[in-house]
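Numbering (the UniProt record's numbering), first residue to last: 1 to 160. From the three backbone atoms N, C-alpha and C, an ideal C-beta is built for every residue, glycine too. What follows is a single structure, written as structure tokens, with notes after it.
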Amino acid sequence: MSHTIWLLKTEPDSFSIEDLEKSPKGTTGWDGVRNFQARNRIRDEMKIGDSVLIYHSSCAKPAIVGEARVTRAPYPDPSQFLPDHPGFDARSTQSSPRWYQVDITFRTRYANPVYLKQLKVNPEFADMELVVRPRLSVQKLTDRQYQLVQVLCQPMDVTA
Numbered sequence: 001m002s003h004t005i006w007l008l009k010t011e012p013d014s015f016s017i018e019d020l021e022k023s024p025k026g027t028t029g030w031d032g033v034r035n036f037q038a039r040n041r042i043r044d045e046m047k048i049g050d051s052v053l054i055y056h057s058s059c060a061k062p063a064i065v066g067e068a069r070v071t072r073a074p075y076p077d078p079s080q081f082l083p084d085h086p087g088f089d090a091r092s093t094q095s096s097p098r099w100y101q102v103d104i105t106f107r108t109r110y111a112n113p114v115y116l117k118q119l120k121v122n123p124e125f126a127d128m129e130l131v132v133r134p135r136l137s138v139q140k141l142t143d144r145q146y147q148l149v150q151v152l153c154q155p156m157d158v159t160a
């Protein structure tokens, strides 16, 4: 069974890869998604074992900064039911939730973040959702794109 590779966007001032790494057992619920296309991907397509690239957005140097793995299947985002929470949605009910999340677990922080600027100038990434549809917070990567990111995030051997 093959796994999908996802890119999840987060603002590091709100929740960074360092925050994920420091979470209990390196695991957190990926909550707060309030876009229907992103929600549909979480609810209908994400599976336990899928790979996740963490992307820091809305910062000085937007970049893919590390990896996580989906460790819990999609379930209703509890924040939608909390009236005092920024993610509250009065139209959501326990029997008919509108928003979903998955749990992700930290895997690694990249030695070299892969900056958006690098992706935009590399023709190999011309079809990447991050380049084509940058606003979507839950994106898919092809195996080829994932392999290229793996090459770019490795430290260069300066002794060679």
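Compute the distance between the beta-carbons of residue i and residue j, then report whether it is under 7 Å.
i, j, result
"T126", "P155", "Position check: residue 126 holds Ala in this sequence, whereas Thr was assumed. Not in contact: A126 and P155 (Cβ atoms no closer than 7 Å)."
"Q101", "D31", "yes"
"M46", "P78", "no"
"residue 163", "T108", "This structure does not reach residue 163, given that the chain is present from 1 up to 160, and the question cannot be answered."
"D103", "R72", "yes"
"A68", "T93", "no"
"I64", "V151", "no"
"L7", "L141", "yes"
Quick one: what's got a C-beta closer than 7 Å to residue i's C-beta in the same chain, skipping five residues either side?
i, result
"R39", "V33, W99 and Y100"
"K120", "V131"
"D89", "Q80, R98 and W99"
Would you decide whether residue i is buried or exposed? Buried here means 16 or more other CB atoms lie within 10 Å of its CB.
i, result
"Q145", "buried"
"S95", "exposed"
"H3", "exposed"
"K61", "exposed"
"S137", "buried"
So residue i and residue j are in contact, right, with Cβ under 8 Å, and what is the actual spacing, rounded?
i, j, result
"I17", "S51", "Incorrect: roughly 14 Å between the Cβ atoms, too far for contact."
For residue i, which residues from the same chain have a beta carbon less than 6 Å from its beta carbon, with the 5 sequence-adjacent residues on both sides left out?
i, result
"N122", "none"
"E129", "Q139"
Problem set entry | At least 3 beta-carbon pairs within less than 8 Å: the stretch 78-87 vs the stretch 102-122 | no
Problem set entry | the stretch 19-27 contacting the stretch 41-53, beta-carbon criterion three pairs below 8 Å | no
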